[in-house]
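Data first, discussion second: the structure below is written as structure tokens.
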Amino acid sequence: MKYLKLALLVVLTVVVSIGFADSLKDVSKSLATKYKAMDAAYRKGDIGPLENMFDEHCKFKMKGEGQSLTKPLFLSGTKALFKMRSIKKCETKLLSVTKTKDGGYLATSHWSGETVESKSGRPMKGTDQTLYDTWKKTKEGWVIMDRLIEQK
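Heads up: the sequence shown begins at 2 in our numbering, then just goes up one per residue.
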């Protein structure tokens, strides 16, 4: 009887582990799709899709700096960027996804982009960042709750 209980416990642990791994794989696929959509919005200079990717209370912070930006300030700055520069090339590469204690998911990704000045077409310095995004699934879909940006 003791061995039967132990065997059942082992089987249950394996089943739960496999289920979690599949779940994490599915989450990673969903987030990779969201990052591709975000890249497309940046290349088009389209603020609309970006507005829906961040929770209303999302905070944006540059690593090593004190103050966070709110979603409205971040989007306002992005709109201004779209007027001054065109993003010719950008790519977000998802590096890892881990489950957080509060049921969200921390996605670590690498973002690189190249911009040109809108009026002159003059190339600008490229951008190289590591993003640490905390995602949550809501009834509207996946949204970023918090973003930490590490400039390279």
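Beta carbons: idealized from backbone N, C-alpha and C, even for Gly.
Bear in mind the structure is a predicted one, so any value in this text is a computation, not a measurement.
In this structure R123 is not in contact with I88, their Cβ atoms being roughly 14 Å apart against a cut-off of 8 Å. DSSP places R123 in the coil class of the three-state scheme, outside both helix and strand.
Taking a 10 Å sphere around the C-beta of S110, we find 16 or more other C-beta atoms and assign the residue as buried. Closest by C-alpha distance to Y133, out of Y36, T116, L76, is Y36. For G65, no beta strand (DSSP E) run applies, since DSSP gives it neither H nor E. For K140, the closest of D56, S113, C91, A108 by C-alpha to C-alpha distance is D56. Cα atoms of R86 and K80: separation of roughly 10 Å, rounded to the nearest angstrom. CA-to-CA, the gap between L82 and G104 works out to about 34 Å. Nearest neighbour of T101 by Cα position, chosen from K137, G67, K72, G127, turns out to be K137.
In this structure D147 is buried. Its beta-carbon is surrounded by 16 or more other beta-carbon atoms within 10 angstroms.
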